[in-house]
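Convert by adding 122 to the 1-based position in the sequence shown; the result is the number in the working numbering.
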Amino acid sequence: MVESEHAVRYAEYLDMLNMTYSQAVDYLLKKYGPGRDDYFREKSYQRFLAGEIKSIAKGKYARSSEGLYTHHVDENHAENLGNLKFIRHYQYPFSMQQRNRLVYADLIEHLILHAIIVKETDGRFGDQGYSVFLAPMVRDWYAKSIIPGPDWMKVAYQRSFLTKEETEKLLKRIDQGPRANVVRHIRI
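What follows is the structure in structure tokens.
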């Protein structure tokens with residue numbers, strides 16, 4: 123990547139930190155377009171909720187070959203919308219899985235979405251995704267220079283690449299901004 127492109131991308135990440143969740147979702151929808159498909163197949167989803175089957179057939183929504191993650195827009199109201207245990211326990215409606223409730227993001231944008239959710243919900247939602255999954259991955263990949271193994275992850279790694287210094291600055295800014303003084307809530 124050309125140095126100026128890298129600097130622009132990093133500046134865009136910093137700009138995202140000043141957005142509301144709604145603004146950040148709109149920004150990403152404009153940048154990457156709408157969801158390609160529902161996250162799960164509706165009939166399979168309903169059968170799962172009814173206890174008829176143990177797993178749910180997924181839709182063709184993924185853009186991991188482009189280095190993009192799929193984020194459920196409603197994660198500011200519900201935790202772990204792709205997790206079968208959470209879906210069964212909370213009986214999440216299928217409407218939360220529809221293509222119009224999905225947005226694409228690179229790894230850093232996904233991290234920022236979760237940080238904003240944590241801030242806007244006072245820690246009720248978003249922190250598990252941030253602190254258990256996304257922040258450790260960002261630290262490993264960019265601060266510790268642990269390059270991921272699977273090819274799709276290498277594409278994600280390159281797409282959102284940050285230097286060690288940028289990573290540390292960004293994570294510090296998040297911890298002092300969106301995630302500052304947030305009470306963590308325990309989930310199942």
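Idealized CB from N, CA, C, for every residue including glycine. If you're wondering where the values come from, they're calculated on a predicted model, not measured in any experiment.
For PHE315 and PRO215, I'd like the C-alpha separation in whole angstroms.
In the structure displayed, the chain extends from 123 to 310; residue 315 sits before or after that span and is not available.
Work out the CA separation of LEU151 and ARG221 for me, nearest whole Å.
Within the sequence shown, numbered from 1, the residue matching residue 221 stands at position 99. Within the sequence shown, numbered from 1, the residue matching residue 151 stands at position 29. One C-alpha to the other measures close to 12 Å.
State the DSSP-derived secondary structure class of ALA133, mapped to helix, strand or coil.
For the purposes of this step, residue 133 is taken as the residue at position 11 of the sequence shown. In this structure, ALA133 counts as helix in the three-state DSSP scheme.
Considering only the alpha carbon of each residue, which of SER282, GLN219 and GLN168 lies closest to TYR183?
Position 61 of the sequence shown, counted from the first residue, corresponds to residue 183. Ranking SER282, GLN219 and GLN168 by Cα distance to TYR183 puts GLN219 first.
By a C-beta neighbour count over all protein chains shown, 10 Å radius and 16 as the cutoff for buried, is ASN202 buried or exposed?
To locate residue 202, count along the sequence shown from 1; it is residue 80. With 16 or more other Cβ atoms within 10 Å, it is buried.
Are the Cβ atoms of HIS232 and TYR191 separated by less than 8 Å?
For the purposes of this step, residue 232 is taken as residue 110 along the sequence shown, with counting starting at 1. For the purposes of this step, residue 191 is taken as residue 69 along the sequence shown, with counting starting at 1. A contact, by the Cβ cut-off of 8 Å.
Put PHE247 into one of helix, strand or coil per three-state DSSP.
By one-based count along the sequence shown, residue 247 stands at place 125. Looking at PHE247 - three-state DSSP - the assignment turns out to be coil, as it is neither helix nor strand.
Buried versus exposed, by CB contacts within 10 Å (16 or more), SER282
Taking the first residue of the sequence shown as position 1, residue 282 is located at position 160. Classification for SER282: buried.
In three-state DSSP terms, what is ALA265?
Position 143 of the sequence shown, counted from the start, is the residue given in the question as residue 265. In this structure, ALA265 counts as helix in the three-state DSSP scheme.
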